[in-house]
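Trainee:
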Amino acid sequence: MYDPTQLRTFLAVAQTLSFTQAAHRLGLRQSTVSQHVRRLEDATGRQLFARDTHSVELTEDGEAMLGFARRILQVHEQATAFFTGTRVRGRLRFGASEDFVLTRLPEILEGFRHDHPEVDLELTVELSGTLHEQLAAGKLDLVLAKRRREDPRGELVWRDDLVWIGAERLRLDADRPVPLIVYPPPGITRARALQVLEREGRPWRIVCTSGSLNGLIAAARAGLGVMAHSRRLIPPGLSRLPDRSGLPDLGRVDFVLVHGRRHGAAEEAANALAAAILAGGERLRRPVD
């Protein structure tokens, strides 16, 4: 009833919330992407996206289809691998940014290891900036991280707003420097936060630096200050600061998959894991309770 090609297109649009970005990811024309979505909506008899000239959002039925599409494609890939006799194997050095520590990335990796038991998966969790450096140095084969604004590389997994977050009881004094909770260099959110504050002429001071997301969260929950963070990944116990706080807009951030320059078994394994992440990408936007 549901065409796997149309389901892959649906997932690409759902994760990027852009028909243009989905077309770029899939190597299709935008009209083809629209056609696939329309045919899937015809097959379900439901509207999966609410869209206008400015935005694309999932409907309630679209949210439901996310889980179904992911499971259908997963079974489809398992059946294809079984009957074609193809087995992915080899060593795969995968790097994931700290942003995904509290998401359901472990579920995706567990499923990948179950489907590809002959892949020797090595996981590195680091700052996005550090992962990009390690990839460039040939120390990693695949990276899931935030993208630097000046770097066009990478396959878009999803795009999100960067927002200021802190403890609910936190109140900022407009006459005092903004208390910042940040990753150490080369943290991408750190650089963005300092850049926008400098541009606005807003004084700041760093009250906590930690290479661990859990360390930053602990400091924020204690009310020490504010931190820049992905809107969809706000940890429990913290909330977005209201506009009346007067802090400048942080803009948007892209989460991308970037491949290294390896060939052979490592490249094949990296492609398989990238496909699994893209198929289950909506789970990366759900913090673990």
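In this text, residue positions in the sequence shown follow this note's numbering: the first is -3, and each later residue adds one.
Glycine residues also receive a C-beta, built at the ideal position from the N, C-alpha and C atoms.
For the stretch 184 to 194 against the stretch 207 to 216, do three or more pairs of beta-carbon atoms, one drawn from each stretch, fall closer than 8 Å, so that the two count as touching?
Mentor: no
Trainee: Could you check the C-alpha separation between R85 and L220 for me, to the nearest Å?
Mentor: Locating residue 85 in the sequence shown gives position 89, where the first residue counts as 1. Locating residue 220 in the sequence shown gives position 224, where the first residue counts as 1. For R85 and L220, the distance between alpha carbons rounds to 47 Å.
Trainee: So what's I273 in DSSP terms, helix, strand or just coil?
Mentor: Within the sequence shown, the letter at position 277 stands for residue 273. I273 falls in the helix class under three-state DSSP.
Trainee: Apart from the five residues just before and just after G107, which ones in its own chain have a Cβ nearer than 8 Å to its Cβ?
Mentor: Residue mapping note: residue 107 aligns to position 111 of the sequence shown, counting from 1. Excluding sequence neighbours, G107 sits near Q70, A272, G276.
Trainee: Suppose only complete runs of 4+ residues qualify. What are the alpha helix (DSSP H) ranges in the stretch 46 to 125, listed by chain order?
Mentor: 56 to 80, 101 to 111
Trainee: Starting from the Cα of T205, find the closest Cα among A224, R47, F79 and give me that residue.
Mentor: By one-based count along the sequence shown, residue 205 stands at place 209. That would be A224, whose Cα lies nearest to the Cα of T205.
Trainee: With a Cβ-Cβ cutoff of 8 Å, do G291 and V249 count as a contact?
Mentor: With the chain covering -3 to 285 only, the question about residue 291 has no answer from this structure.
Trainee: Helix or strand or just coil, what does DSSP make of L209?
Mentor: Within the sequence shown, residue 209 is the residue found at index 213, counting from 1. Looking at L209 - three-state DSSP - the assignment turns out to be helix.
Trainee: Go through its chain and collect everything with a Cβ distance to E53's Cβ below 8 Å, but skip five positions before and after it.
Mentor: Within the sequence shown, residue 53 is the residue found at index 57, counting from 1. Closer than 8 Å at Cβ, skipping near neighbours: L13, F45, A46, R47.
Trainee: Assuming contact is defined by CB atoms lying nearer than 8 Å, are F251 and D156 in contact in what I supplied?
Mentor: For this step, residue 251 is matched to residue 255 along the sequence shown. For this step, residue 156 is matched to residue 160 along the sequence shown. Yes.
Trainee: Around the Cβ of K142, are there at least 16 other Cβ atoms within 10 angstroms (buried) or fewer (exposed)?
Mentor: The count along the sequence shown starts at 1 and reaches residue 142 at position 146. K142 should be labelled buried.
Trainee: Less than 8 Å between the C-beta atoms of L193 and W200, yes or no?
Mentor: As a position in the sequence shown, residue 193 is number 197, starting the count at 1. As a position in the sequence shown, residue 200 is number 204, starting the count at 1. Yes.
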